[in-house]
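Taken in order, these protein sequences are the chains called B and U. Residue 1 is where the first sequence starts when you use the working numbering, and the numbers rise one by one after that. Residue 1001 is where the second sequence starts when you use the working numbering, and the numbers rise one by one after that. Worksheet: the structure to be examined is printed underneath.
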Amino acid sequence: AQKVTQAQTEISVVEKEDVTLDCVYETRDTTYYLFWYKQPPSGELVFLIRRNSFDEQNEISGRYSWNFQKSTSSFNFTITASQVVDSAVYFCALIPGSNYKLTFGKGTLLTVNP
Amino acid sequence: KAGVTQTPRYLIKTRGQQVTLSCSPISGHRSVSWYQQTPGQGLQFLFEYFSETQRNKGNFPGRFSGRQFSNSRSEMNVSTLELGDSALYLCASSLVGFGTGNHEQYFGPGTRLTVT
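Have a look at this one:
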């Protein structure tokens, strides 16, 4: 069975600080897919990024960056120069290659204060 | 392109009743998944349908069921409602199945079910 752990339950930062959200995953599959989703107070889950297990290239998209390391089974997410609008719950999730069940972590509540 | 839509957005039911929730996926998406979100258990996978067939099922009792129609629209049904079924029910659609890497799921706004 697969498992996703987000050890940080809540993080509070001041605007313009950089913040990293941690994600550690477990799966027996050699092929798998990792995701980050954002859930603002409105409740709708917003897809941010997908990373395939066979592609360890890290990615930067604007103020967002992701660090995927298979050696430590981690898929961390960094927001640079955080803004109040970044305040949301962020979920890390995993789909193993052998089925289509998306397993979520418990989420990290990020609060960015002005 | 329109996103995933779910109806109704809010629902209040009494214990013992049954409820049907509806989900319309993004046009062209053939996979629809359902999730339950509660403060205690977080986001939990219910089931996934692809081309009208249930491909995967989570660990929920038989009171939870679903189906998918030929136009990819999906419904989820919960019978004999219990207080613990109060939750946000989220539907997600995805373009294709295995092997393509296109596994990202796009979520609807959810249906907030309250059981009293």
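Positions of the beta carbon are idealized from the N, C-alpha and C atoms, including for glycine. As the structure is a prediction and not an experimental result, all values here were calculated from the model.
Evaluate the contact criterion for the stretch 1004-1018 of chain U versus the stretch 1072-1090 of chain U: three or more CB pairs, one atom per stretch, below 8 Å.
yes
Can you name, in chain order, every residue of its own chain whose Cβ lies under 6 Å from the Cβ of SER65 of chain B, other than the five neighbours on each side?
THR78
So with Cβ pairs under 8 Å, would you call TYR90 of chain B a contact of chain U?
no
Which residues in chain B sit within 9 Å of TYR1089 of chain U, going by Cβ to Cβ distance?
Under the 9 Å cutoff, chain B gives no residues; its nearest Cβ is about 11 Å from TYR1089 of chain U.
Would you mind stating whether VAL1019 of chain U and LEU1083 of chain U have Cβ atoms separated by less than 8 Å?
no
Please tell me whether GLN1036 of chain U and TYR1049 of chain U are closer than 8 Å, where the distance is taken between their beta carbons.
no
According to the neighbour-count rule (16 or more other Cβ atoms, all chains shown, within 10 Å of its Cβ), is GLY1028 of chain U buried or exposed?
exposed
Below-8 Å beta-carbon distance, LYS3 of chain B vs any chain U residue:
no
Alpha helix (DSSP H) runs wholly inside the stretch 1054-1109 of chain U, at least 4 long, in chain order:
none
Give a yes or no on whether 8 Å exceeds the smallest Cβ distance from ASN67 of chain B to chain U.
no
What do you reckon, are the CB atoms on GLY105 of chain B and VAL13 of chain B nearer than 8 Å?
no
Scan the stretch 12-71 of chain B and note each continuous alpha helix (DSSP H) run of 4 residues or more that stays entirely inside, going in chain order.
none
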